[in-house]
Amino acid sequence: MSAFKHTVRAGVRLFLHLPTAYDFHVLGHIGRDAMVSSNGLATTQPRFSFGLISDVQYADISDGRSFLGVPRYYRHSILVLQRAVKEWNTYQKHMFVINFGDIVDGFCPKDQSLDSVRKVVDEFEMFKGGPVYHMIGNHCLYNLPRSKLLPLLKIQTLDGRAYYDFSPVPEYRFVVLDAYDISAIGWPQDHPKALEAMKILSEKNPNEDKNSPDNLEGPERRFVMFNGALGKEQMEWLDGVLLDATKLKQKVIVCCHLPLDPGAASKATLLWNYDEVMNLIHRYNCVKGCLAGHDHKGGYSIDSHGIHHRVFEAALECPPGTNAFGYIDVYDDRISLVGTDRMESTDMTFGPLS
Numbered sequence: 180m181s182a183f184k185h186t187v188r189a190g191v192r193l194f195l196h197l198p199t200a201y202d203f204h205v206l207g208h209i210g211r212d213a214m215v216s217s218n219g220l221a222t223t224q225p226r227f228s229f230g231l232i233s234d235v236q237y238a239d240i241s242d243g244r245s246f247l248g249v250p251r252y253y254r255h256s257i258l259v260l261q262r263a264v265k266e267w268n269t270y271q272k273h274m275f276v277i278n279f280g281d282i283v284d285g286f287c288p289k290d291q292s293l294d295s296v297r298k299v300v301d302e303f304e305m306f307k308g309g310p311v312y313h314m315i316g317n318h319c320l321y322n323l324p325r326s327k328l329l330p331l332l333k334i335q336t337l338d339g340r341a342y343y344d345f346s347p348v349p350e351y352r353f354v355v356l357d358a359y360d361i362s363a364i365g366w367p368q369d370h371p372k373a374l375e376a377m378k379i380l381s382e383k384n385p386n387e388d389k390n391s392p393d394n395l396e397g398p399e400r401r402f403v404m405f406n407g408a409l410g411k412e413q414m415e416w417l418d419g420v421l422l423d424a425t426k427l428k429q430k431v432i433v434c435c436h437l438p439l440d441p442g443a444a445s446k447a448t449l450l451w452n453y454d455e456v457m458n459l460i461h462r463y464n465c466v467k468g469c470l471a472g473h474d475h476k477g478g479y480s481i482d483s484h485g486i487h488h489r490v491f492e493a494a495l496e497c498p499p500g501t502n503a504f505g506y507i508d509v510y511d512d513r514i515s516l517v518g519t520d521r522m523e524s525t526d527m528t529f530g531p532l533s
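Numbering-wise (my numbering), the sequence shown opens with residue 180 and increments by one.
What follows is the structure, given as structure tokens:
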């Protein structure tokens, strides 16, 4: 996907309702960002900001529970998205929105999959500030094959590939990875990528049910069917993107549905070849943060090279009346997540090693 040109629309925030926690976060940022230097120019204004949400997993079915017993609110999750879009539009400060995957749940009745995906995408399209960038998750692929899913998500790539990059401003580049490039779901069963995935699972997971991490220890628990890997071609592409970003002196934010660091997420939710991906990323100094979904409880870590890893709390697991979405202010030396309700705010200052 080619780079987009963005412009920021200035606006004044007026309270037309009782202030929310989101409002007070914004007021706090306004106070901090209003500092001026002797020449009258703002010194701490973010370069830009963007909205984010993860794991909506909408379905028109009764509430249920995960295999761990955590409540899931399938019909309420789209209301969380609606409130998110309303907030993003109200503040008129976000250049784009990133959806971190899993917009429809795997329990969605299959005769409703297409309409449900369209319904959620239509809610995202209500965002007025700029593009919405999607990435695919396992629940997306339980509902629709790539051939139908990618056009709906406006992911314009060749041969079913769902990885791309974009630069909202010259100083920053966002890299969106396809975590299910090598996967047992989403591809025809006889596709080389599906066959490669089944080979990995047969070698790494002794269970008859390949979605079960039973008898697997530590990071080995990631070798389950609901995860996936980056293939050789995508790894080569990522290497080229990071090399180009280094030449252009760009800071890079990596976005992936599956987490890339064991310190930030459950071991059973990691990308199969997260170690290879991070070894590649660590060869460069341009990557400042890795953002992900999939592990619904959320998480945060800083790895050995000073890269921030933030896994976002799921919209699906918000009890009625609560939320999990936010936005990130992007500065020269940090990114700052302002979360709402169940999504915890996180300041991520770039360290000397990153």
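We treat Cβ as the ideally placed atom computed from N, Cα and C, and that holds for glycine.
Beta-carbon proximity list for residue i, same chain, < 6 Å, skipping 5 on both sides
i: residue 376; result: 361, 362 and 363
i: residue 389; result: 380 and 404
i: residue 490; result: 438, 443, 444, 471, 474, 477 and 478
i: residue 509; result: 225, 226 and 227
i: residue 230; result: 267, 273, 276 and 506
i: residue 441; result: 398
i: residue 365; result: 320, 325 and 359
i: residue 482; result: 440
i: residue 300; result: 331
i: residue 500; result: none
i: residue 293; result: none
Beta-carbon gap between residue i and residue j smaller than 7 Å
i: residue 275; j: residue 309; result: yes
i: residue 283; j: residue 494; result: no
i: residue 386; j: residue 393; result: yes
i: residue 356; j: residue 435; result: yes
i: residue 421; j: residue 463; result: yes
i: residue 372; j: residue 430; result: no
i: residue 260; j: residue 302; result: yes
i: residue 401; j: residue 459; result: no
i: residue 305; j: residue 354; result: no
Selection from the options that minimises the alpha carbon distance to residue i
i: residue 312; options: 412, 344 and 295; result: 344
i: residue 497; options: 258, 291, 328 and 321; result: 258
i: residue 246; options: 450, 326, 400 and 391; result: 391
i: residue 339; options: 347, 367 and 318; result: 367
i: residue 226; options: 326, 306, 352 and 433; result: 352
i: residue 272; options: 512, 526 and 507; result: 507
i: residue 410; options: 243, 511, 342 and 233; result: 342
i: residue 233; options: 253, 281, 243 and 239; result: 281
i: residue 321; options: 314, 348 and 289; result: 289
i: residue 172; options: 425, 378 and 424; result: An answer regarding residue 172 cannot be provided, because it is not within the stretch 180 to 533 covered by the chain.
i: residue 417; options: 455, 396 and 244; result: 455
i: residue 433; options: 469, 406, 307 and 395; result: 469
i: residue 461; options: 447, 486 and 446; result: 486
i: residue 316; options: 526, 488, 278 and 269; result: 278
Residues of its chain near residue i, where Cβ-Cβ distance is below 8 Å and the 5 sequence neighbours each way are ignored
i: residue 175; result: Absent from the structure is residue 175, since the part of the chain shown begins at 180 and ends at 533.
i: residue 217; result: With a pLDDT of 34 at residue 217, under the threshold of 50, the modelled position of that residue is not reliable, and the figure given next carries that caveat. If we look at residue 217 and ignore the five residues flanking it on each side, it has no Cβ neighbours.
i: residue 512; result: 528 and 529
i: residue 295; result: 237, 238, 239, 283, 287 and 322
i: residue 349; result: 427 and 429
i: residue 425; result: 463, 464 and 465
Exposure of residue i, with buried meaning 16 or more beta-carbon neighbours within 10 Å
i: residue 249; result: exposed
i: residue 336; result: exposed
i: residue 452; result: buried
i: residue 184; result: Below a pLDDT of 50, predicted positions are generally treated as unreliable, and residue 184, at 34, falls in that range; the measurement from the model is reported next regardless. Classification for residue 184: exposed.
i: residue 251; result: buried
i: residue 347; result: buried
i: residue 244; result: exposed
i: residue 314; result: buried
i: residue 241; result: exposed
i: residue 524; result: exposed
i: residue 254; result: exposed
i: residue 526; result: exposed
Beta carbon proximity, residue i to chain C, threshold 7 Å
i: residue 224; result: Checking the listed chains, one finds no chain C in this structure; it contains a single protein chain.
Contacting residues, own chain, Cβ-Cβ under 7 Å from residue i (five flanking each side not counted)
i: residue 297; result: 331
i: residue 201; result: Any answer about residue 201 is weak, because its pLDDT of 44 lies below 50 and its placement is not dependable; what the coordinates show is given next. Closer than 7 Å at Cβ, skipping near neighbours: 266 and 519.
i: residue 370; result: none
i: residue 446; result: 397, 398, 400 and 401
i: residue 480; result: 440, 442, 443 and 488
i: residue 318; result: 236, 281, 283, 284 and 285
i: residue 415; result: none
i: residue 307; result: 268
Checklist entry - Enumerated in chain order, which unbroken segments of the beta strand (DSSP E) with a length of 3 residues or greater are wholly contained in the stretch 412-469? => result 430-435, all fully within the stretch 412-469.
Next on the checklist: Report the start-end ranges of each beta strand (DSSP E) in the stretch 253-297 that is 3 residues or longer and not cut off at the edges.
Outcome noted: The stretch 253-297 contains these whole beta strand (DSSP E) runs: 273-278.
Item to check | Secondary structure, alpha helix (DSSP H): runs of 4+ residues fully inside the stretch 310-372 | outcome: Runs found: 317-322 and 325-331.
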